[in-house]
Amino acid sequence: MSRSKIQNLQSPKGMHDILPQEQMWWDKVRKEVDYIADYYNFSRIDTAILERAEIFEKSLGETTDIVEKQMFVFKSRSGDRLALRPEGTASIVRSYVQHGLSHLGQPLKLFYIGPMFRKEQPQSGRFRQFHQAGFEIIGGDDDPVYDAQLILAIYRLLERFKIKNLSLHINSIGCRNCRPVYRKKLLDYYRDLAPKLCKDCRRRMKQNPLRLLDCKNEQCQQYKASTPMILDSLCSNCNKHFKGVLEFLEELKLSYQLDHHLVRGLDYYNRTAFEFFTDSVAEDGTKFDFALAGGGRYDYLLELFGSRQSSGVGGAVGMERVIEVMRKTKINLGLRSRQKVFFIHIGDVAKKKSLSLIEELRDAGIPVLESLGKDSLAAQLRSANKENADYALIFGQKEAFEDSIIVRDLKNGVQETVPLRKVVNEVKKRFK
RNA sequence: GUGCCUAUAGUUUAAUGGUAGAACUCCUCUCUGUGGCAGAGGUAGCGAGAGUUCGAUUCUCUCUAGGCACCCCA
0 MSRSKIQNLQ SPKGMHDILP QEQMWWDKVR KEVDYIADYY NFSRIDTAIL ERAEIFEKSL
60 GETTDIVEKQ MFVFKSRSGD RLALRPEGTA SIVRSYVQHG LSHLGQPLKL FYIGPMFRKE
120 QPQSGRFRQF HQAGFEIIGG DDDPVYDAQL ILAIYRLLER FKIKNLSLHI NSIGCRNCRP
180 VYRKKLLDYY RDLAPKLCKD CRRRMKQNPL RLLDCKNEQC QQYKASTPMI LDSLCSNCNK
240 HFKGVLEFLE ELKLSYQLDH HLVRGLDYYN RTAFEFFTDS VAEDGTKFDF ALAGGGRYDY
300 LLELFGSRQS SGVGGAVGME RVIEVMRKTK INLGLRSRQK VFFIHIGDVA KKKSLSLIEE
360 LRDAGIPVLE SLGKDSLAAQ LRSANKENAD YALIFGQKEA FEDSIIVRDL KNGVQETVPL
420 RKVVNEVKKR FK
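Residue numbering for the first sequence follows numbering that gives the first Met the number 0, starting at 0 and increasing by one per position.
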């Protein structure tokens, strides 16, 4: 169909179809997520893609960018304000509380995989519909060992994608006791500098001072170096917790770098915050300027939803981003194609029997390809070749009459005629 | 939300103020009794709308989508 005809049928901005040719990458990613989840004993949970808008507004924070300008929100006919989920954690915690999942054991390890929606301007590694695979450890106490376990699982997952040069950035953003202290120190530091800062930073000073640390503006960069560090302001509990996390990481020999500019964009985070990057370079020389995964601790989120639990830590992997890195750094998926035969018929008599014959072969566990709609032998062989079949089973007038079939090795062209009742064994023998 | 760039068959692309040429893919035939190669042929395109013009795929504007950056994030 021409483009002009489908003009109005295009997928919406930033939302992409995953076409058959691309599914191999998604299969790979899903497979490794399943593997890691099973390996570390995370149970799968799938939550609704739509939630009441308040779920996100309350938890992520009303003034965060995601809630303020990136959520797809609409009114249902009955007047409910619904939102397409912009991230996974809030829904998981909502579900955890709603269904009393603490009964399943504490802490509970959960994982999910699915689409998220944010109304952003699409660019490299950023889409309006994108997919995350996330891991959460909810309940129990706030032992730093859980933070470390979670980071470990994500680390191993990224390794299984064969992504090289991974780096783990980690920071602690304190709790509701010590963060205000730090915020004040930071503001004190920046107050005199305000006139020299970019206009975004001046806005940040009012709205979300921690984000001052994130600014990439050159002017502002020069002041960042001597910024007070949040780690110096942590209360003793937070400090102890963060040290605990780092000690586990060291014991695991997971390298990390402290990044005291790392602050996360959602209000529900406290203490541990982390992000994974890769320093690999694409074949064309471009760098990957985005986090592959990110996460942190969200103890207050549980309380917010009315849970008696007050501990949670989680992280999510951006699937499109991971796939982009895998593709652009030419990671070999190591696909081993299964051996298969291609069924070919010649003549009406044989054709009539083909479908049921193929059915018998398939019932016997033999993967069969065919192109029954084509009648010419050459055309069918061409299809067989295109599909990369290992053997062709040629069933013609003569074979139909004498209940036999030709088994042709498509690699070397050698073929022999075998009785029909022996063909299953013959093929199975050759598959070994 | 802001800024810059882009838009020609399914894909990659060429040319042009007088409506388009190729490569790859796909389909057919050479070839209902033997595939990959080759030859011949076929399907299919100017993102949408408006304006300027005798005439617009080409120039202008708007919209839509894509890319990049900012913001922010996975």
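By construction, the Cβ of each residue, glycine as well, lies at the ideal position given by its N, Cα and C atoms.
Local conformation of Phe400 per DSSP, three classes: Here the question's residue 400 lines up with position 401 in the first sequence. It is helical.
Cα-Cα separation between Glu53 and Gln122, rounded to whole angstroms: The residue given as residue 53 occupies position 54 in the first sequence. The residue given as residue 122 occupies position 123 in the first sequence. Using only the alpha carbons, I get a separation of about 28 angstroms.
So does the segment 422-431 actually touch the segment 377-386, counting three or more Cβ pairs closer than 8 angstroms? no
With a floor of 3 residues, list each beta strand (DSSP E) that falls wholly inside the segment 274-307, ordered by position along the chain. 292-296
At which residue ranges does the segment 358-427 contain complete alpha helix (DSSP H) runs of 4 or more residues, listed in the order of the chain? 376-385, 396-401
Taking contact to mean at least 3 C-beta pairs separated by less than 8 angstroms, is the segment 302-320 in contact with the segment 128-137? yes
Closest to Pro85 by C-alpha separation, out of Arg125, Leu8, Gly99, His98, would be which residue? Start at 1 with the first residue of the first sequence, and residue 85 comes out as number 86. Minimum Cα distance to Pro85 is reached at Arg125.
What three-state label does DSSP hand Gly314 in the structure shown? Taking the first sequence and counting its residues from 1, one reaches residue 314 at position 315. Three-state result, Gly314: strand.
Quick check: the segment 70-88 against the segment 43-50, are at least 3 beta-carbon pairs closer than 8 angstroms? yes
In whole angstroms, what separates the C-alpha of Arg159 from that of Leu248? Here residue 159 refers to the residue found at position 160 when the first sequence is read from its first residue. Here residue 248 refers to the residue found at position 249 when the first sequence is read from its first residue. Whole-angstrom Cα-Cα distance: 19 angstroms.
Buried or exposed for Gln206, please, with buried defined as at least 16 other CB atoms from any protein chain shown within 10 angstroms of its CB. Working through the first sequence from its first residue, we reach residue 206 at position 207. Classification for Gln206: exposed.
Using a Cβ distance threshold of 8 angstroms, determine whether the segment 157-174 contacts the segment 232-246, with at least three qualifying pairs required. yes
Bridge partners for Gln128 per DSSP, in chain order? Stepping through the first sequence from its first residue, residue 128 is reached at position 129. Paired residue(s): Phe116.
Under a three-way DSSP split, which group does Thr88 fall into? The residue labelled residue 88 in the question sits at position 89 within the first sequence. Note: Thr88 maps to helix in three-state DSSP.
Over what stretch of residues does the beta strand (DSSP E) that includes Arg80 continue unbroken? To locate residue 80, count along the first sequence from 1; it is residue 81. 80-83 is the extent of the beta strand (DSSP E) around Arg80.
Straight-line CA distance for Gln414 to Ile405? In the first sequence, counting from the first residue as 1, residue 414 sits at position 415. In the first sequence, counting from the first residue as 1, residue 405 sits at position 406. Roughly 7 angstroms between the two C-alpha positions.
For Leu360, count neighbouring Cβ atoms within 10 angstroms of its own Cβ and tell me buried if that reaches 16, exposed if not. Counting from one through the first sequence, the residue named residue 360 turns up at place 361. When all chains shown are included, Leu360 counts as buried.
CA-CA distance, Asn387 and Gly346? By one-based count along the first sequence, residue 387 stands at place 388. By one-based count along the first sequence, residue 346 stands at place 347. Spanning the two alpha carbons is a distance of roughly 24 angstroms.
Determine the direct distance from the alpha carbon of Ile17 to that of Ser1, and round the result to whole angstroms. Position 2 of the first sequence, counted from the start, is the residue given in the question as residue 1. Position 18 of the first sequence, counted from the start, is the residue given in the question as residue 17. Its pLDDT being 45, under 50, Ser1 is placed unreliably by the model, and nothing is read from it.
Mark Arg381 as exposed unless 16 or more other C-beta atoms lie within 10 angstroms of its C-beta, in which case mark it buried. Mapped onto the first sequence, residue 381 falls at position 382. Answer is exposed; the Cβ neighbour count stays below 16.
Suppose you measure from the CA of Gly60 to the CA of Val72; what does that come to, to the nearest Å? As a first step, residue 60 is located in the first sequence; it is residue number 61 there, counting from the start. As a first step, residue 72 is located in the first sequence; it is residue number 73 there, counting from the start. Taking the straight line from one Cα to the other gives about 15 angstroms.
Determine the DSSP secondary structure at Gly448, reduced to helix, strand or coil. This structure leaves residue 448 out entirely; the chain is present only between 0 and 431.
Measure the alpha-carbon distance for Pro11 versus Asp187 and round it to whole angstroms. As a first step, residue 11 must be located in the first sequence, where it is residue number 12. As a first step, residue 187 must be located in the first sequence, where it is residue number 188. About 45 angstroms.
Is the segment 297-314 touching the segment 148-157, taking contact as three or more C-beta pairs under 8 angstroms? yes
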